[in-house]
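Residue numbers (the numbering used here): 207 to 610.
Cβ coordinates follow ideal geometry from the N, Cα and C atoms, glycine included.
Accompanying notes for the structure given below.
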Ligand SMILES: Cc1cc2nc3c(=O)[nH]c(=O)nc-3n(C[C@H](O)[C@H](O)[C@H](O)COP(=O)(O)OP(=O)(O)OC[C@H]3O[C@@H](n4cnc5c(N)ncnc54)[C@H](O)[C@@H]3O)c2cc1C
């Protein structure tokens, strides 16, 4: 493990410190640095390994299924940060077990929790979170996928895209328009098991840091109403509650990538000889390293502030957005600086900083692009102001259109 002094911060309890240290040791032995071409097989293998050795229990809530009765945001963030330092795919495998089943952890019925969470926590079932659509990414309220109620079934029609674990998932948490109200107030969430007639994988999507990703098509896909998560029309709230936890953990993953990049930069700068000294002897390099370390620490403070606050039962919309914005944008800069320090080798395929350069990019887009995080932070700020100033018009009053 690189610099672990942050584990002494007051955000953590002893179990968190132990968890981070034990996982780091486990990852050194169990997580390959390089993955082969079959990303689906590698992802399944990582889920099995993480499940078999007990790490996935932290991705789900409810004591019969998970390590804690409630979602432990700090544990999830420490695990994502640690795994991301070792391998983006290992982080992805863990994160999706949590994001894909998060709505069930937070708002599932006892029967839904019993049916799905234990298997997810043991790595025996792979979930997915299906919100985005070709015409509804940041603007979730533009969702077109629909579910009409017929007797005790919902019939789903439409498309979902950019669905991580698409193709390998055992079940999908699908958000569809049920029409109780306009915009995002008329959306409900349903669990759809893979193999349900009417659900097909329309196409695989390849991205710069490969992981299982697909577009889904629903054509008259029938699911029992018992598979609905939360109340009718409350699906948007279910999605946002899930994202409050996992948005913070995206920031933690970015932090893990940034820490690894800083480690790699320090190693290269102190060993690369030029002009009769090392690269690290130059003040221009020292300035880069100082900025990288400062960015890493500021990101870590925001990540673990948000995680700690959520574990105290607080609403963290603003704090999670600040953590994600700062940690993902900051990690991009830290990794870019690490590539620069590595010189030509920094862009050679297979070199760690080159892999990090590809892995960080999509974190600034998914679960709410950086611009969306800025809007959320500003909206929360302005909401506070209008709440305390009776004379001001409520220009920034909350709407039902929170973009992701
Ligand atoms: C690798 C990857 C994995 C993903 N996994 C999943 C998943 O598992 N499940 C799922 O449901 N979705 C997933 N997504 C989808 C992801 O959440 C969307 O890509 C994201 O919400 C952005 O939507 P979009 O791609 O349609 O971009 P758009 O909504 O078209 O936005 C394009 C760009 O516009 C800018 N922008 C957005 N809003 C504003 C604004 N108000 N003002 C100014 N600029 C703005 C941002 O820079 C944004 O990147 C994944 C995406 C990627 C890339």
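DSSP lists 419 as the bridge partner or partners of residue 370. Relative to the non-hydrogen atoms of ligand 1, the Cβ of residue 336 comes within a distance shorter than 7 angstroms of at least one. Between the alpha carbons of residue 335 and residue 211 lies a gap of roughly 35 angstroms.
Using a cutoff of 7 angstroms, the CB of residue 370 counts as near ligand 1, since one of the ligand's heavy atoms is closer than that.
With contacts defined by Cβ atoms closer than 8 angstroms, residue 373 and residue 423 do not form a contacting pair. For the pair residue 610 and residue 574, the CB atoms are nearer than the 8 angstroms cut-off. For residue 378, the shortest separation between its Cβ and any heavy atom of ligand 1 does not lie below 7 angstroms. Cα atoms of residue 266 and residue 514: separation of roughly 17 angstroms, rounded to the nearest angstrom. Contact check for residue 224 against residue 268 fails: the beta carbons are separated by 8 angstroms or more.
Residue state for residue 375 is assigned as coil, using DSSP reduced to three classes. C-alpha of residue 302 to C-alpha of residue 288: approximately 15 angstroms in a straight line. In this structure the stretch 225-235 touches the stretch 278-287; the number of beta carbon pairs closer than 8 angstroms is three or more. In the three-state DSSP reduction, residue 291 falls in the helix class (H, G or I). Going by DSSP, residue 398 is part of the beta strand (DSSP E) stretching over 393-399. Taking the Cβ atoms as the reference, residue 425 lies roughly 5 angstroms from residue 404, within the contact range of under 8 angstroms. Relative to ligand 1, the nearest heavy atom lies less than 7 angstroms away from the CB of residue 577. In this structure, the C-beta of residue 332 stays at least 7 angstroms away from each heavy atom of ligand 1. The C-alpha of residue 273 is placed about 17 angstroms away from the C-alpha of residue 316. With a cutoff of 8 angstroms on beta-carbon distance, residue 308 and residue 429 are scored as not near each other. Boundaries of the alpha helix (DSSP H) around residue 576: 576-594.
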